[in-house]
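> Reading the sequence shown from the start, the letters are residues 1 to 303 in full-length UniProt numbering. Glycine included, every Cβ here is placed at the ideal spot set by N, Cα and C. Values in this document were obtained by computation on a predicted structure and should not be read as measured data.
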Amino acid sequence: MTAPERRCTARAAAKINLALRVGRPRQDGFHPLATIYQAIGLYDDVTVRDADQWSVRTHADAGIDLSTVGDDESNIAIKAGKALAAHHGLSRAAAIDIQKAIPVAGGMAGGSADAAATLVALEELWGLDTSVEDLLRIAADLGSDVPFALYGGTALGAGRGELVTPIDAPANLWWLVVPHEIGLPTPSVFHHFDQLELGDEEPVIDEALTAALAAGDIAAIAATVSNELQPAAYDLRPDLAQRHRLLDELGADAVLLSGSGPTQLLLFGDVSAARAAAGELRDQGIDHVLVPAPVAGAHVLEH
Ligand code: ATP
1 MTAPERRCTA RAAAKINLAL RVGRPRQDGF HPLATIYQAI GLYDDVTVRD ADQWSVRTHA
61 DAGIDLSTVG DDESNIAIKA GKALAAHHGL SRAAAIDIQK AIPVAGGMAG GSADAAATLV
121 ALEELWGLDT SVEDLLRIAA DLGSDVPFAL YGGTALGAGR GELVTPIDAP ANLWWLVVPH
181 EIGLPTPSVF HHFDQLELGD EEPVIDEALT AALAAGDIAA IAATVSNELQ PAAYDLRPDL
241 AQRHRLLDEL GADAVLLSGS GPTQLLLFGD VSAARAAAGE LRDQGIDHVL VPAPVAGAHV
301 LEH
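Right, here's the structure in full:
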């Protein structure tokens, strides 16, 4: 009898930015950020199995464009697995299977979620005991949004986004997520942002937003969410500015661009109002998904 195959599945959530303030590029080319992240109920699931060599396969529901997601070393999930193995001096490898629901290049850090889920799944499969500090350092080396994908919930992000501090945000929010079939590469939005000379001297988060989140005051949250990349993204993509005007008519508490776009977000405190807006989008043939927030960070689903 052959031994049952050992595998582990971990789940990681998409992120949105409730606030995104951006500075001028640093010496190393990165932009200093001050942000508030929130993990939303839209997930990628990553399954890992022991294997002789590294491999990755990505699957997705219809509507998610996988054309830019490599099945080789360019995939951040393999980079994550290798980084964890190297940290422990292991010469092990894994076959990685990604089930994607987070749109690619949608400004919701789907790749970072896959990296975080891979770290958590391999940690479990291999019975490692990586300290939280080391795991966060490995995550930060993989990408600015990977540490937050480990934390989940709601958190402040500083540095280039990798310095994460969880914050209190008790309100149950509903986000109507409106992806766009044509992606918007993050580097091109930052480049245009620089061309327009929009960078802050020193990006800081408006204290009114952290106070509103702590109080669970949805009207105040809605009045203070903001994204400084939005003007640059809309300048590059007037179709998104036009769609923003349409989304403004749907009764949301707030409408904003997710990260570097092109995904747009409608905030609702009231789920019935959110469902009514989702119905209107459905009638207009506009792709969308309604999800709760905040949700947990990367975690093991089954082993
Ligand atoms: P960010 O704002 O962090 O750049 P994003 O949501 O805009 O995130 P991602 O979906 O994370 O963008 O991916 C951006 C690019 O990263 C993809 O176009 C793809 O070329 C590359 N990539 C590498 N690995 C992955 C992965 N596992 N999932 C998605 N994209 C990946």
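If you drop the 5 nearest sequence neighbours on each side, which residues of the same chain put their C-beta closer than 6 Å to that of residue 214?
For the purposes of this step, residue 214 is identified with residue 214 of the sequence shown, where counting begins at 1. Within the same chain, residue 214 has close Cβ partners 168.
> Would residue 171 and residue 205 qualify as a contact pair, given that the criterion is a beta-carbon distance under 9 Å?
On the sequence shown, position 171 is the one that residue 171 refers to. On the sequence shown, position 205 is the one that residue 205 refers to. Cβ atoms of residue 171 and residue 205: not closer than 9 Å.
> Can you tell which of 82, 188 and 178 has the C-alpha that lies nearest to the C-alpha of residue 94?
As a working note, residue 94 is residue 94 in the sequence shown. Checking every option, the nearest Cα to that of residue 94 belongs to 82.
> Out of 30, 35, 39 and 19, point me to the one whose CA is closest to residue 294's CA.
The residue you call residue 294 lines up with position 294 of the sequence shown. It is 39.
> Using C-beta distances below 8 Å, list every residue in its chain close to residue 257, excluding the 5 sequence neighbours before and after it, in chain order.
If you number the sequence shown from 1, residue 257 lands on position 257. Around residue 257: 107, 227, 229, 230, 233, 234, 240, 244, 263, 264 and 265.
> If we ignore side chains and look at the alpha-carbon of each, how far apart do residue 142 and residue 113 end up?
Taking the sequence shown and counting its residues from 1, one reaches residue 142 at position 142. Taking the sequence shown and counting its residues from 1, one reaches residue 113 at position 113. Just so you know, the alpha carbons of residue 142 and residue 113 end up roughly 11 Å apart.
> Helix, strand or coil for residue 148? Go by DSSP, reduced to three states.
As a first step, residue 148 is located in the sequence shown; it is residue number 148 there, counting from the start. Helix, per DSSP.
> State the Cα-Cα distance for the pair residue 65 and residue 109, rounded to the nearest angstrom.
Position 65 of the sequence shown, counting from 1, holds the residue named residue 65. Position 109 of the sequence shown, counting from 1, holds the residue named residue 109. So the two alpha carbons sit approximately 15 Å from each other.
> When you measure from the CB of residue 186 to every non-hydrogen atom of the ligand ATP, does any distance come out below 8 Å?
Counting from 1 along the sequence shown, the entry for residue 186 is found at position 186. At a cut-off of 8 Å, the beta-carbon of residue 186 counts as near the ligand ATP: some heavy atom of the ligand is closer than that.
> Any chance the CB of residue 157 is under 8 Å from a heavy atom of the ligand ATP?
Indexing the sequence shown from 1 puts residue 157 at position 157. Because no heavy atom of the ligand ATP lies under 8 Å away, the Cβ of residue 157 does not count as near it: no.
> With contact counted as at least three CB pairs below 8 Å, one residue from each stretch, are the stretch 130-145 and the stretch 246-253 in contact?
no
> Hey, residue 148 and residue 22: beta-carbon distance below 9 Å or not?
Start at 1 with the first residue of the sequence shown, and residue 148 comes out as number 148. Start at 1 with the first residue of the sequence shown, and residue 22 comes out as number 22. Taking 9 Å as the Cβ cut-off, residue 148 and residue 22 do not qualify as a contacting pair.
> What separation, rounded to the nearest whole angstrom, lies between the Cα atoms of residue 86 and residue 59?
If you number the sequence shown from 1, residue 86 lands on position 86. If you number the sequence shown from 1, residue 59 lands on position 59. Going by the C-alpha atoms only, they are around 27 Å apart.
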